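Chemist: First, the structure itself, so that you have it in front of you.
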Amino acid sequence: MAEQLRLMAVHAHPDDESSKGAATMAKYVAEGVDVLVVTCTGGERGSVLNPKMDRPDVWADIGDIRRAEMDAARAILGVEQAWLGFVDSGLPEGDPLPPLPEDCFALQDVEVAAGPLVRLIRQFRPHVITTYDEEGGYPHPDHIMTHKVTIAAFEAAGDPTLHPELGEPWQPLKLYYDVGFSKGKILALHEGALAAGLESPYGEWVKRWDDRPDKGPRITTRVECAEYFPVRDDALRAHATQIDPDGFWFQMPMDLQQRAWPTEDFELARSVVDSPLPESDLFAGVRETAHAR
Numbered sequence: 000m001a002e003q004l005r006l007m008a009v010h011a012h013p014d015d016e017s018s019k020g021a022a023t024m025a026k027y028v029a030e031g032v033d034v035l036v037v038t039c040t041g042g043e044r045g046s047v048l049n050p051k052m053d054r055p056d057v058w059a060d061i062g063d064i065r066r067a068e069m070d071a072a073r074a075i076l077g078v079e080q081a082w083l084g085f086v087d088s089g090l091p092e093g094d095p096l097p098p099l100p101e102d103c104f105a106l107q108d109v110e111v112a113a114g115p116l117v118r119l120i121r122q123f124r125p126h127v128i129t130t131y132d133e134e135g136g137y138p139h140p141d142h143i144m145t146h147k148v149t150i151a152a153f154e155a156a157g158d159p160t161l162h163p164e165l166g167e168p169w170q171p172l173k174l175y176y177d178v179g180f181s182k183g184k185i186l187a188l189h190e191g192a193l194a195a196g197l198e199s200p201y202g203e204w205v206k207r208w209d210d211r212p213d214k215g216p217r218i219t220t221r222v223e224c225a226e227y228f229p230v231r232d233d234a235l236r237a238h239a240t241q242i243d244p245d246g247f248w249f250q251m252p253m254d255l256q257q258r259a260w261p262t263e264d265f266e267l268a269r270s271v272v273d274s275p276l277p278e279s280d281l282f283a284g285v286r287e288t289a290h291a292r
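As structure tokens, this is what we get:
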């Protein structure tokens, strides 16, 4: 009898779980995998990006509203969810950039901030963890800190000499970075829209691509999950302060998305099991080793 498979996804803010790897999580939930989303901050300093929600009453209660949105998205995805309890750093803007708030997540000591995540890893005992790469996926200070904290916790959780007060050691077997967008994906979506006779929402993005690095060559793992793209979008819409239902992310018809790029993509960053690359399953090499205990 195989052991229950478990996946942990570590994210910076409420809404990140619905925009990065959400269809993959929904797929694994449907297959009987236990999935836990860990949200490092409460999103208290996030912007209100939906014009319909840009109101004084929303701003006055933004922390509680974002928690309620997370509850709704969690239910749609079918996952469990835990808060690490850190305070959003905000996205600094200006030249020069202003200093970050003193109490924020991004200014915490990495080893200290990793402690609550080590505890959660030892409690939940995930076989696989997903998070962001060293650039945070994009350079938000909380995303970069999420990467640092996840790496530190992945390496500490299985070491019996570290943090014995945080529970029995547990070594996750694989760590992945989400690769949300690559040049190949944007081109496929762009060309798919044009071939269907539609105006592509990705036209300007394609023109600007030469100014940014392409993470496509880093992709090791492509998870077929197009069936769950509608679940992903429903979870995104649950974050009503962050996602405009009439905005950019919903301009591409669903059937075109599913045909043009039917996978969510990841980079295998750490592994203590053998799994030949490329992969189509985050649990490749894990299914063979996760036996009943």
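Under numbering that gives the first Met the number 0, think of the first position of the sequence shown as 0, with each following residue one higher. Note that the Cβ used here is the ideal one computed from N, Cα and C, for glycine as well. Computed from a predicted structure; not experimentally measured.
(1) Identify, in the order they occur along the chain, each residue of the same chain with its Cβ nearer than 8 Å to the Cβ of residue 181, setting aside the five sequence neighbours on each side.
(2) Taking Cβ positions, are residue 268 and residue 176 nearer each other than 7 Å?
(3) Roughly how many angstroms lie between the CA atoms of residue 89 and residue 281, to the nearest whole one?
(4) With three or more beta-carbon pairs closer than 8 Å as the criterion, would you say the segment 83-102 touches the segment 33-40?
(5) Do you know how far the Cα of residue 121 is from the Cα of residue 30?
(6) Please state whether the Cβ-Cβ distance between residue 125 and residue 258 is less than 7 Å.
(7) For residue 75 versus residue 234, is the C-beta spacing smaller than 7 Å?
(8) Per DSSP, residue 266 is paired with what?
(9) Using a Cβ-Cβ cutoff of less than 6 Å, which residues in the same chain neighbour residue 147 once the five nearest sequence positions on both sides are dropped?
(10) Can you tell me the Cβ-Cβ gap for residue 206 and residue 270, rounded? I've got them flagged as a contact below 8 Å.
(11) Could you check the C-alpha separation between residue 189 and residue 195 for me, to the nearest Å?
(12) When DSSP labels each residue in this structure, what does residue 166 get in the three-state scheme?
(13) Can you tell me which of 73, 251, 262 puts its alpha carbon nearest to the alpha carbon of residue 202?
(14) DSSP beta-bridge partners for residue 28?
Modeler: Reading it off the structure:
(1) 213, 214, 215, 218, 264
(2) yes
(3) 31 Å
(4) yes
(5) 23 Å
(6) no
(7) yes
(8) 176
(9) 109
(10) Not quite, the Cβ-Cβ distance comes to about 37 Å (not below 8 Å), so this is no contact.
(11) 10 Å
(12) coil
(13) 251
(14) Answer is none; residue 28 lacks a bridge partner.
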